[in-house]
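One point on numbering: in my numbering, the residue at position 247 of the sequence shown is 1344, and numbering is uninterrupted.
Note that the Cβ used here is the ideal one computed from N, Cα and C, for glycine as well.
Predicted model only: the values in this text are computed from it and were never measured.
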Amino acid sequence: AACERVVPQLNMAAHDDVWQSTARNRFLELWTSQLAKLPLQSASHMESLAARARFGTFYLTDVSEKLPETSMTMSIGELEEAIVKHRRNRKTSMRGPPHTPAPTAAEPEVSKPEMISIMPSRGLSSTSQVTKPKKRKRKKQAGIGASFCLGLLPSNTSEAKHQEHCLACYLGALQSLGFVMQSQHAEQRWILGVSASQAYQLEVALDSELKVATISERQLCWVHATLIEDRARRHGSMHDAILESHDMRLKVATTDPVLPDSQLFEAVKGDGEALIQARSGVPVPAQSASQWLRDRMCYARRLDQSLKLSVPTSHSRSSIVSAEIAIGAEYMGRQLQLQRNSCELTLKLDSKQLQEALTNGSAATRAIGEQFWEASCALSVALQAETRNSKTPS
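Given below as structure tokens:
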């Protein structure tokens, strides 16, 4: 499979060491086996190859509707089975874009055949035929969907002071590990999500005039793993300013571009006008956009500020990673009316070093995976300590 994931690894409160060791081994097995399938000869895959660790909250969706009819609870084993059943993994890394059905010419009318009345048989009536009882089909257990909410801002908070608090915690954790600031950008940027079909989603980057800059297919994940913090000992609540504990998600993904001369690119670009209007930072689908596009805009992401940090090359093995903090907001729902502010931290593995490891075989691939795992876990621990020791600004 082009996409594969580890069933979320639950942290047991009484077995931290065992849990860490088990989670690490499961991750490295997936990392090594999946990256061995990556098409190294594909320029688009290698140029877009990215390994990231992100921090937030793992959650399940629509659980009440998927529970067994006779029970309101389920075991961890049943939960794992339901999550696996809900997967929709792509089976190949190469696929064509969705095709818009072309209008077909009207077929010529054909004269209807003359109807013939069929009379009932006059033969002797026999005993009624014995029919086999129909087997009742056993209702299959429905899969349970899961998602990951990035960042430490709970309850869709919209106050700027909470974003500032979250940013201060990120910087404190990174600086404790030797990261130093490399660059800061405060230019506003927009990214749109467009559902071209049920299984084909696009990411559209807009320029300063809110017109199409680039279009790419949604990322294809090769490695997908989630480590869930023990909820029983999680400090803070979903109503606090920021979460004091978090889950961690590690992914390796590639991105396929949508070519400018393709029919799909033209359908999104339209007549070249702006796709949205930004009113005080809030997006509204532009009237100049086609109805097809307005119906398929599933989210808009606004980036207000980005910070990039790295570790000097003289500072241990962590120099293979860099960090990026993105501050902004996300809009979703019908006509993009639902808003959620965001402050997200991403740890990135150096793509050139990852590509070099892939060309050197499975041993080198596993070794760089171990370094990425250790760097991600170290940042997770530092971030948790920072959030618990910090105070929410009044």
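Alpha-carbon spacing of residue i relative to residue j, whole angstroms
i, j, result
"G1367", "S1387", "7 Å"
"A1199", "W1389", "Caution is warranted here: a pLDDT of 44 is assigned to A1199, below 50, making its placement in the model unreliable, and no coordinate value can be reported."
"M1335", "S1439", "A caution first: M1335 carries a pLDDT of 48, below 50, which makes its placement in the model unreliable, though a value can still be read off. Distance between the alpha carbons of M1335 and S1439: 15 Å."
"S1416", "P1382", "42 Å"
"A1302", "A1310", "6 Å"
"L1271", "L1247", "17 Å"
"S1305", "E1284", "9 Å"
"Q1298", "A1479", "35 Å"
"T1158", "F1245", "10 Å"
"Q1279", "G1369", "35 Å"
"P1380", "R1431", "12 Å"
"G1378", "A1426", "9 Å"
"L1442", "R1151", "6 Å"
"R1437", "L1274", "30 Å"
"D1327", "E1256", "28 Å"
"T1129", "K1258", "42 Å"
"V1355", "V1418", "29 Å"
"W1116", "E1177", "16 Å"
"F1362", "S1294", "14 Å"
"S1139", "L1250", "38 Å"
"H1321", "G1466", "13 Å"
"H1262", "L1444", "19 Å"
"L1307", "V1365", "13 Å"
"S1050", "M1169", "Nothing about residue 1050 can be read from this structure; the chain reaches only from 1098 to 1491."
"S1385", "L1435", "22 Å"
"A1461", "E1453", "9 Å"
"A1120", "A1482", "21 Å"
"T1323", "L1146", "19 Å"
"H1282", "N1457", "36 Å"
"Q1360", "E1300", "16 Å"
"D1114", "L1433", "44 Å"
Among the options, nearest to residue i - alpha-carbon criterion
i, options, result
"E1421", "Y1428, G1430, L1406, R1431", "L1406"
"I1424", "R1398, K1445, A1461, D1447", "R1398"
"I1241", "M1171, S1305, L1356, P1380", "M1171"
"I1349", "E1427, R1431, Q1432, E1144", "For the sequence presented, residue 1349 should be read as Val rather than Ile. With distances taken between Cα atoms, V1349 lies closest to E1144."
"C1395", "A1364, Y1428, S1403", "Y1428"
"I1325", "S1342, L1442, L1361", "S1342"
"R1149", "N1486, A1482, C1474, T1484", "C1474"
"P1409", "S1118, F1276, A1257", "F1276"
"L1340", "S1141, F1155, W1128, W1116", "F1155"
"Q1402", "A1140, P1354, L1264", "L1264"
"L1404", "A1147, D1392, Y1267", "Y1267"
"L1476", "L1347, R1393, T1352", "L1347"
"Q1131", "N1457, R1463, L1249", "R1463"
"S1459", "A1133, L1249, K1308, H1282", "A1133"
"Q1492", "E1300, A1338, A1296, S1385", "Summary: the structure shown does not reach residue 1492, with the chain confined to residues 1098 through 1491, and so no result is reported for it."
Per DSSP, the bridge partner or partners of residue i
i, result
"P1380", "A1375"
"M1171", "BP columns for M1171 are empty, so no partner."
"E1441", "A1423"
"A1287", "Note that residue 1287 corresponds to Trp in the displayed sequence, not to Ala. Answer is R1399."
"C1474", "The partner list for C1474 (beta bridge, DSSP) is empty, contrary to what the question assumes."
"V1355", "Looking at the DSSP assignment, V1355 forms no beta bridge with any residue, so it has no partner."
"M1345", "F1152, L1324"
"H1282", "S1403"
Presumed contact (8 Å Cβ cut-off) between residue i and residue j, rounded CB distance
i, j, result
"L1135", "L1455", "6 Å"
"T1243", "I1180", "The question names Thr, but residue 1243 is Ala in the sequence shown. Contact holds; Cβ gap of about 6 Å."
"D1353", "S1313", "7 Å"
"H1142", "T1484", "Going by Cβ atoms, the distance from H1142 to T1484 rounds to 36 Å, so no, they are not a contact pair."
"D1392", "G1153", "About 29 Å; that fails the 8 Å criterion."
Interface flag, residue i vs chain B, CB-CB below 8 Å
i, result
"V1320", "Checking the listed chains, one finds no chain B in this structure; it contains a single protein chain."
Any non-hydrogen atom of the ligand SAM closer than 7 Å to residue i Cβ
i, result
"F1362", "What this structure holds is no ligand at all, so the ligand SAM is not there to describe."
Stretch pair the region 1113-1127 + the region 1464-1475: three plus CB contacts closer than 8 Å: Yes, they touch.
Inter-stretch contact (C-beta, 8 Å, three-pair minimum) for the region 1283-1300 and the region 1444-1463: No, they do not touch.
Cβ contact check for the region 1358-1377 and the region 1316-1324: 3 or more pairs under 8 Å: no
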